[in-house]
Structures are given as C-alpha cells and as structure tokens.
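Student: The structure that follows is given in the form of structure tokens.
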Amino acid sequence: EPEVTQTPSHQVTQMGQEVILRCVPISNHLYFYWYRQILGQKVEFLVSFYNNEISEKSEIFDDQFSVERPDGSNFTLKIRSTKLEDSAMYFCAGRSGVNYGYTFGSGTRLTVV
Amino acid sequence: GESVGLHLPTLSVQEGDNSIINCAYSNSASDYFIWYKQESGKGPQFIIDIRSNMDKRQGQRVTVLLNKTVKHLSLQIAATQPGDSAVYFCAENSGGYQKVTFGTGTKLQVIP
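In order, the protein sequences belong to chains X and Y.
Everything in the first sequence is counted per my numbering, starting at 1 for the first residue and increasing by one.
Everything in the second sequence is counted per my numbering, starting at 114 for the first residue and increasing by one.
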C-alpha cells in the first residue's frame with residue numbers, strides 16, 4: 001500500500017537554527033498538508049498546499065514557517081529560527097481528491113534544545 | 114483560542130467486548146467526518162469516514178454513527194482486540210480541499 005514518507009524520523013536542533021522537514025507524498029496526491037502534534041495534545045493544522053501554492057494556513061504558521069514543493073515530488077516544511085515551543089511531532093498528509101481521505105506520514109519528531 | 118489538555122479521556126474495555134468512542138463537533142458546515150487511530154510514535158491512521166448525507170457506515174469490525182441534529186459522532190469497535198489499543202481521534206472537514214480539524218482524542222485501553 002502506498003505510503004507518505006517523512007524524513008528524518010527524529011531531528012534535534014538548537015534554538016535559533018533552521019530546520020527542514022521532508023515529505024514524499026503518494027504519487028497521485030494533489031493536496032498536501034502539514035500538521036503538528038505537541039506531546040500529549042491533539043493534532044493541529046499548520047498549512048495546506050495545492051497547485052504549488054498555499055491554500056490555507058493557521059495562526060501557528062507564522063513568517064518563521066514556509067513550505068515548498070521544489071522538484072514536484074518532495075514537499076518540505078522549513079522553520080527558519082526554531083523556538084523551544086516548536087518541539088513537536090510534525091506530520092505530512094496528502095489526498096488525491098476531495099472525495100478521498102487523507103493519508104498521513106509517520107511523522108518527524110522535532111526536539112528544540 | 115482553543116484549550117487542550119494533557120490528559121486524554123480513557124476508555125478501558127475487556128478484550129472481546131464492544132467499544133464505543135464518542136465525539137462532539139461544533140461546526141454545522143462540516144460535511145465529512147473521519148475517525149483516525151494513532152498508535153504511540155506513529156501518524157494518524159485512517160479507520161473509517163462518513164459524509165453528512167449518511168447516518169451510519171460500516172467497515173470491518175467498525176461502525177461510525179453520525180447524528181447531525183446533536184452534532185455527535187461515534188465509533189463502534191466490535192470484539193475489541195489488544196491491537197486496538199491506541200488513541201482515537203475524530204476529525205471533520207467542511208468540504209473541498211480544506212483541512213481536517215481534529216478532536217482531542219480518546220485513549221482506548223484493551224484489557225486482555
């Protein structure tokens with residue numbers, strides 16, 4: 001069964017450093033999303049991406065965050081200057097159409113120290 | 114903003130019994146609902162979905178019930194197994210390619 005693949009599985013970074021989280025969506029997916037989950041809390045929406053542009057973003061997704069699909073394949077989330085409160089699991093998700101469910105990756109655990 | 118807690122509601126069931134996990138939603142415009150299962154250290158895994166023009170949908174060992182009048186969604190798991198132990202989230206979507214919004218989750222513990 002096709003999977004959404006995320007790398008790395010765990011990233012430790014110093015506060016103030018830039019991080020790039022990577023996702024390889026399923027090939028027929030058209031809509032892409034990033035979510036995050038702080039330990040023990042619910043899954044929170046960050047941003048949705050369609051047709052090479054952001055279609056919606058949450059208030060969490062401030063100007064420290066950016067997304068790209070640089071080569072038509074990988075989908076990346078960049079955090080320019082990480083803060084301690086950015087520590088969370090980050091999930092990439094995709095869907096192939098509006099009548100189809102969302103498939104989530106297994107996540108990247110980001111730890112900011 | 115929304116308030117979230119560090120302690121999830123927990124449902125403990127005996128292996129072999131049926132489980133019912135409930136969820137309330139607030140957005141009247143939601144027309145697509147999904148149940149996800151999340152095991153420790155993993156991403157949300159799709160279980161079953163239902164559209165707002167239905168009130169019941171069945172899968173393998175799982176049934177989702179939707180009551181739009183009271184904005185309530187439930188997930189029924191038949192003959193619960195130890196492998197069903199996880200956190201279960203309901204999620205809602207208002208249509209199109211919009212985001213899903215997750216509920217706070219319920220932890221299901223299956224007692225062997």
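For every residue, glycine included, the Cβ atom is placed at its ideal position computed from N, Cα and C.
1. Could you tell me the boundaries of the beta strand (DSSP E) in which X/L46 lies?
2. Within a Cβ cutoff of 7 Å, which residues of the same chain sit near X/L30, ignoring the five residues on either side of it in sequence?
3. Taking contact to mean at least 3 C-beta pairs separated by less than 8 Å, is the region 105-112 of chain X in contact with the region 7-24 of chain X?
4. Check whether the Cβ of Y/Q158 lies closer than 9 Å to any Cβ atom in chain X.
5. In this structure, how does DSSP classify Y/L121 when only helix, strand and coil are distinguished?
6. When the cut-off is 9 Å and only beta carbons count, does X/E85 lie next to chain Y?
7. Which word fits X/V67, buried or exposed, when buried means at least 16 other C-beta atoms lie within 10 angstroms of its C-beta?
8. What are the boundary residues of the beta strand (DSSP E) that Y/N135 is part of?
9. Run down chain X in chain order and give the residues with a C-beta less than 8 Å from the C-beta of Y/D162.
Tutor: Reading off the structure:
1. In the DSSP assignment, X/L46 falls within the beta strand (DSSP E) that extends over E44 to Y50.
2. In the same chain as X/L30, and ignoring 5 residues on each side of it, the C-beta atoms closer than 7 Å to its own belong to Y50, S96 and G97, in chain order.
3. Touching, yes, given that three or more Cβ pairs across the two stretches are closer than 8 Å.
4. Interface with chain X (9 Å Cβ-Cβ cutoff): Y/Q158 is included.
5. Per DSSP, reduced to three states, the secondary structure at Y/L121 is coil, with no helix or strand assignment.
6. Not closer than 9 Å to any Cβ of chain Y, the Cβ of X/E85 fails to qualify, so no.
7. Flag for X/V67 reads buried.
8. Counting along the chain, the unbroken beta strand (DSSP E) around Y/N135 starts and ends at S132 to A137.
9. Ordered by position in chain X, the residues that pass the 8 Å Cβ test against Y/D162 are G101.
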